[in-house]
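Engineer:
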Amino acid sequence: MHDTILLSLTAIVVLGIAAQWLAWRVKVPAILFLLLIGITLGPAFDLLNPDELFGDLLFPIVSLAVGVILFEGSLTLRFREIQGVSSTIVRMVSLGAVISWGVAATAAHWFVGLGWPIAFLFGALVVVTGPTVIAPLLRIVRPSPRVSKILRWEAIIIDPIGALLAVLVYEFIVTQSQTGAAGLGGVVLPFLELVGLGIVLGVAGGWLLGQLLARHALPDYLINVTVLAAVLAVFTASNVLAEESGLLAVTVMGIWLANMRGVPLDDILHFKETLSILFISGLFILLAARIDPATLSQVGFGALLVLAAIVFVAQPLKVWLSAIGSGLNWREKTMIAWIGPRGIVAAAVSGLFALKLVEQGLEGAEVIVPLTFIIIVGTVVLASLTARPLARALDIALPEDHGVLIVGANRVTREIAKVLKKHGFRVVMADGNYSEIRQARMDGLETYYGNPVSEAADRKLDLVGIGQMFAMSAQSEVNNLAAVRYRHEFGQSNVFVLQTPQEVAGSDNQRITTQFNARGLFREDVSLGHLFRLVEAGAELFSTRLTENFGYSEYLAHYEGRGELLFGITPNGNLRPLSDELSQRPGPGWVLIGLYEPSADADRPAPREGAAAPSGGGERLPG
Numbered sequence: 001m002h003d004t005i006l007l008s009l010t011a012i013v014v015l016g017i018a019a020q021w022l023a024w025r026v027k028v029p030a031i032l033f034l035l036l037i038g039i040t041l042g043p044a045f046d047l048l049n050p051d052e053l054f055g056d057l058l059f060p061i062v063s064l065a066v067g068v069i070l071f072e073g074s075l076t077l078r079f080r081e082i083q084g085v086s087s088t089i090v091r092m093v094s095l096g097a098v099i100s101w102g103v104a105a106t107a108a109h110w111f112v113g114l115g116w117p118i119a120f121l122f123g124a125l126v127v128v129t130g131p132t133v134i135a136p137l138l139r140i141v142r143p144s145p146r147v148s149k150i151l152r153w154e155a156i157i158i159d160p161i162g163a164l165l166a167v168l169v170y171e172f173i174v175t176q177s178q179t180g181a182a183g184l185g186g187v188v189l190p191f192l193e194l195v196g197l198g199i200v201l202g203v204a205g206g207w208l209l210g211q212l213l214a215r216h217a218l219p220d221y222l223i224n225v226t227v228l229a230a231v232l233a234v235f236t237a238s239n240v241l242a243e244e245s246g247l248l249a250v251t252v253m254g255i256w257l258a259n260m261r262g263v264p265l266d267d268i269l270h271f272k273e274t275l276s277i278l279f280i281s282g283l284f285i286l287l288a289a290r291i292d293p294a295t296l297s298q299v300g301f302g303a304l305l306v307l308a309a310i311v312f313v314a315q316p317l318k319v320w321l322s323a324i325g326s327g328l329n330w331r332e333k334t335m336i337a338w339i340g341p342r343g344i345v346a347a348a349v350s351g352l353f354a355l356k357l358v359e360q361g362l363e364g365a366e367v368i369v370p371l372t373f374i375i376i377v378g379t380v381v382l383a384s385l386t387a388r389p390l391a392r393a394l395d396i397a398l399p400e401d402h403g404v405l406i407v408g409a410n411r412v413t414r415e416i417a418k419v420l421k422k423h424g425f426r427v428v429m430a431d432g433n434y435s436e437i438r439q440a441r442m443d444g445l446e447t448y449y450g451n452p453v454s455e456a457a458d459r460k461l462d463l464v465g466i467g468q469m470f471a472m473s474a475q476s477e478v479n480n481l482a483a484v485r486y487r488h489e490f491g492q493s494n495v496f497v498l499q500t501p502q503e504v505a506g507s508d509n510q511r512i513t514t515q516f517n518a519r520g521l522f523r524e525d526v527s528l529g530h531l532f533r534l535v536e537a538g539a540e541l542f543s544t545r546l547t548e549n550f551g552y553s554e555y556l557a558h559y560e561g562r563g564e565l566l567f568g569i570t571p572n573g574n575l576r577p578l579s580d581e582l583s584q585r586p587g588p589g590w591v592l593i594g595l596y597e598p599s600a601d602a603d604r605p606a607p608r609e610g611a612a613a614p615s616g617g618g619e620r621l622p623g
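For the record, in the sequence shown the residue sitting at position 294 is 294 according to full-length UniProt numbering, with numbers rising by one throughout.
1) Where are the beta strand (DSSP E) runs, 3 residues long or more, that stay fully inside the region 26–52, in chain order?
2) With a cut-off of 8 Å on the beta carbons, I'd call residue 595 and residue 566 a contact; round off their distance for me.
3) What is the DSSP secondary structure of residue 396, counted as helix, strand or coil?
4) Hey, quick one: how far does the beta strand (DSSP E) through residue 626 stretch, first residue to last?
5) Using 10 angstroms around the beta-carbon of residue 348, count the other beta-carbons present and answer buried if the total reaches 16, otherwise exposed.
6) Check whether the region 328–347 and the region 400–411 are in contact - that is, three or more C-beta pairs closer than 8 Å.
7) Can you check DSSP and say which residues form a bridge with residue 586?
8) Using the beta-carbon count (16 or more within 10 Å), is residue 7 buried or exposed?
9) Does the region 228–244 touch the region 445–455, meaning 3 or more C-beta pairs lie closer than 8 Å?
10) Do residue 238 and residue 201 count as a contact pair if the criterion is CB distance below 7 Å?
11) So what's residue 388 in DSSP terms, helix, strand or just coil?
12) Mind checking who residue 495 pairs with in its DSSP beta bridge?
13) Which residue wins for smallest C-alpha separation from residue 463, given the options 436, 522, 402 and 499?
14) If you drop the 5 nearest sequence neighbours on each side, which residues of the same chain put their C-beta closer than 6 Å to that of residue 41?
15) Between 170, 90, 573 and 441, which lies nearest to residue 431 when the distance is taken from Cα to Cα?
16) Express the C-alpha separation of residue 429 and residue 622 in angstroms, rounding to a whole number.
17) So the candidates are 19, 536 and 585; which of them puts its Cα closest to the Cα of residue 552?
18) DSSP three-state label for residue 86, please.
19) DSSP state of residue 366, grouped into three classes?
20) Reducing DSSP to helix, strand and coil, say where residue 577 ends up.
21) Tell me the DSSP bridge mates of residue 447?
22) Whole angstroms is fine: what's the gap from residue 52's alpha carbon to residue 316's?
23) Please report the distance separating the alpha-carbon of residue 319 from that of residue 499.
24) Can we say the region 54–70 touches the region 274–289, given the rule of at least three CB pairs closer than 8 Å?
25) Do the region 301–309 and the region 370–386 make contact, defined as three or more Cβ pairs closer than 8 Å?
26) Three-state secondary structure (DSSP) at residue 99?
27) Let me confirm a value: residue 641 is counted as buried when at least 16 other C-beta atoms fall within 10 Å, else exposed. Which label applies?
28) Output the distance between the C-alpha atoms of residue 31 and residue 343, rounded to the nearest integer angstrom.
29) In chain order, what residues of the same chain have a beta carbon less than 7 Å from the beta carbon of residue 125, not counting five sequence neighbours either side?
30) I need the straight-line Cα distance from residue 58 to residue 483, nearest angstrom please.
31) Looking at the structure shown, is residue 663 part of a helix, part of a strand, or coil, going by DSSP?
32) The ligand ATP and residue 151: does the residue's C-beta get closer than 6 Å to at least one heavy atom of that ligand?
33) Helix, strand or coil for residue 604, going by three-state DSSP, please let me know.
34) Considering only their Cβ atoms, is the gap separating residue 544 from residue 592 smaller than 7 Å?
35) Starting from residue 118, trace the alpha helix (DSSP H) in both directions and tell me its first and last residue.
36) Near residue 486, which residues of its chain fall below 6 Å by C-beta distance, leaving aside the five closest residues on each side in sequence?
Okay, structure coming up:
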């Protein structure tokens, strides 16, 4: 018996994280794989029965996990950021949310036969899209910057707002069920008491925790676990004082904490994000495993009609009405209306609400989970399969993430940026030195003036189409801070740092700890100072295409002792910084970019397009 429980728990965790990794690899929302695993282990093969596995603990475990998920989501709702977004986004998360709520609720009532209270609860649940499902789709679809900004901000803002709406509707239903009042009047006062208690405890908990963090009253190693303990304490205390008010309390607590001044939240957000991934992975598998095949078949055709109403009525209506006077053209409106996948909050909260409402004997509550999961799978699959072709057809799709963010706008990086731009890469240069930025602008380069790791950069630095970062400034601290900041944006394998002269020549007590190290840019002994010396000696950047007759070995021999090989561009257009250990040996079709001192007879004019390479060198390209 104990071995079976241990095996089941381990399988849930391992398979959940495996699903997250697979989703990252194929760039689709992880929710699809998690639901597939749950349905396979549960209804399909009866290998996992959550009710038998956890018994009476299932309800508390799901409640606490959903509480943490809602708290983490609400930490992203910062009012000062909402003030900076367009009126279209504000209307989408207000008027648009009401439209989606009404259409979904009406469709669930008509097509599935849900009573109005449960139908309105379902409608509130599927209002939310959320950044965890939108972000992977935007990486695949790559729409224009304006479309991408609207979809991204709507997902971030609607996440906590939609969760709060669903919680309030649920609280109203619970209050009505507990009081047994038939009319609205007998429900309002208990409902307001329950909501008031949740808000008061949420505000109090958020304020107290914020004071502890702002005053640095906790050692670093205790901050994350203290925040988790505080969330669980507020959730439990609220539920004890007024049953079912805990979710509202932790949601309000997160929103309050997010908007307090002087509270450091970045590390907490990273910890909570990690914890939420673990909870979400296990929770989705457990909830999917509990789906009753009979209930799933019962809502089958009606659920498809509800899905059609959400996709073809609610979404277009929401976008077209919200975009009045926005300047968006019909192509952009169509694209925004088409991408509306539901995800994390809808699935997690629906499972918890269904558990509680079924216990209370409310008719139709058992339908919430399968109906919500059908909407989630339908919207995610539809968007994943069709959004990219639609974006291309509408001519608003951007190319792949081949661009580069270069930190540092010195003489060397400007020359590199100009060459990369000639090869078709989008290059953005970021630097806090105005004279360097001004020179880069005079060279026709795209720039950002300011600290690349500042809060302003998070809001204003446009990274659409950017997939790599090269930190090449003369300040090692700026380089390494940028590496820490952008490895979450681009992935650790796409963030590179060039050594400064001080780092090469200095002792260990002068170098930054390896904890902040990123991948080295170029060979191990190459530093920014070395590249400056080459430029001062007359070295130039040369681009050479390898051919069958002039391969990598011939290239190295041709330029030996004259400078440094910096980059390679693969035949399919990917930019690769080249170092001592090559993961892939350059071959015919590659373009190699190096900084070399010219010699009298080594560099000849480039041959005509399609002509054979000269015996002395490969095909020379502009730059």
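Cβ coordinates follow ideal geometry from the N, Cα and C atoms, glycine included. All figures in this text were calculated on a predicted structure; none of them were measured in a lab.
Structural biologist: On the basis of the supplied data:
1) none
2) Within the sequence shown, residue 595 is the residue found at index 595, counting from 1. Within the sequence shown, residue 566 is the residue found at index 566, counting from 1. Contact holds; Cβ gap of about 6 Å.
3) As a first step, residue 396 is located in the sequence shown; it is residue number 396 there, counting from the start. Residue 396: coil per DSSP, three-state reduction.
4) Coverage of the chain is limited to positions 1 through 623, which leaves residue 626 absent and any answer about it impossible.
5) Locating residue 348 in the sequence shown gives position 348, counting from the first residue. So residue 348 counts as buried.
6) no
7) Counted from its first residue, the sequence shown places residue 586 at position 586. Answer is none; residue 586 lacks a bridge partner.
8) If you number the sequence shown from 1, residue 7 lands on position 7. With fewer than 16 other Cβ atoms within 10 Å, it is exposed.
9) no
10) Residue 201 sits at position 201 when you count from the first residue of the sequence shown. Residue 238 sits at position 238 when you count from the first residue of the sequence shown. Yes, Cβ-Cβ distance for residue 201 and residue 238 is below 7 Å.
11) Mapped onto the sequence shown, residue 388 falls at position 388. Three-state DSSP puts residue 388 in a helix.
12) As a first step, residue 495 is located in the sequence shown; it is residue number 495 there, counting from the start. Residue 495 pairs with 469.
13) Along the sequence shown, read from residue 1 onward, the residue named residue 463 stands at position 463. It is 402 whose Cα lies nearest to the Cα of residue 463.
14) In the sequence shown, residue 41 corresponds to position 41, counting from 1. Here the set comprises 47, 48 and 289.
15) On the sequence shown, residue 431 is found 431 positions in, with the first residue counted as 1. Looking at the Cα atoms, 441 is the closest of the given residues.
16) In the sequence shown, residue 622 corresponds to position 622, counting from 1. In the sequence shown, residue 429 corresponds to position 429, counting from 1. Here residue 622 scores only 46 on pLDDT, less than 50, and its place in the model is too uncertain to base an answer on.
17) Along the sequence shown, one-based indexing puts residue 552 at 552. Nearest of 19, 536 and 585 to residue 552, Cα basis: 585.
18) Within the sequence shown, residue 86 is the residue found at index 86, counting from 1. Note: residue 86 maps to coil in three-state DSSP.
19) If you number the sequence shown from 1, residue 366 lands on position 366. Residue 366: helix per DSSP, three-state reduction.
20) As a first step, residue 577 must be located in the sequence shown, where it is residue number 577. If DSSP states are grouped into helix, strand and coil, residue 577 belongs with the strands.
21) Position 447 of the sequence shown holds residue 447. Looking at the DSSP assignment, residue 447 forms a beta bridge with 429.
22) On the sequence shown, position 52 is the one that residue 52 refers to. On the sequence shown, position 316 is the one that residue 316 refers to. Cα to Cα, residue 52 sits roughly 43 Å from residue 316.
23) Taking the first residue of the sequence shown as position 1, residue 319 is located at position 319. Taking the first residue of the sequence shown as position 1, residue 499 is located at position 499. Near 48 Å, if we compare the C-alpha coordinates of residue 499 and residue 319.
24) yes
25) yes
26) Here residue 99 refers to the residue found at position 99 when the sequence shown is read from its first residue. If DSSP states are grouped into helix, strand and coil, residue 99 belongs with the helices.
27) As displayed, the chain neither begins before 1 nor continues past 623, which places residue 641 out of reach and without an answer.
28) As a working mapping, residue 31 is identified with position 31 in the sequence shown. As a working mapping, residue 343 is identified with position 343 in the sequence shown. Straight-line Cα distance between these residues: approximately 7 Å.
29) Here residue 125 corresponds to residue number 125 of the sequence shown, with the count starting at 1. Result list for residue 125: 166, 346, 349, 350 and 372, in chain order.
30) The count along the sequence shown starts at 1 and reaches residue 58 at position 58. The count along the sequence shown starts at 1 and reaches residue 483 at position 483. Going by the C-alpha atoms only, they are around 42 Å apart.
31) In the structure as shown, the chain starts at 1 and stops at 623, and residue 663 therefore has no counterpart that could be examined.
32) By its list of ligands, the structure shown contains no ligand whatsoever, and the ligand ATP lies outside what it can speak to.
33) In the sequence shown, residue 604 corresponds to position 604, counting from 1. Confidence in residue 604 is poor, its pLDDT being 46 and thus under 50, which makes the residue's placement unreliable; the coordinate value appears in the next sentence. Looking at residue 604 - three-state DSSP - the assignment turns out to be coil, as it is neither helix nor strand.
34) Indexing the sequence shown from 1 puts residue 592 at position 592. Indexing the sequence shown from 1 puts residue 544 at position 544. Contact flag set, yes.
35) Stepping through the sequence shown from its first residue, residue 118 is reached at position 118. Residue 118 -> alpha helix (DSSP H) spans 116–125.
36) As a working note, residue 486 is residue 486 in the sequence shown. 469 and 495.
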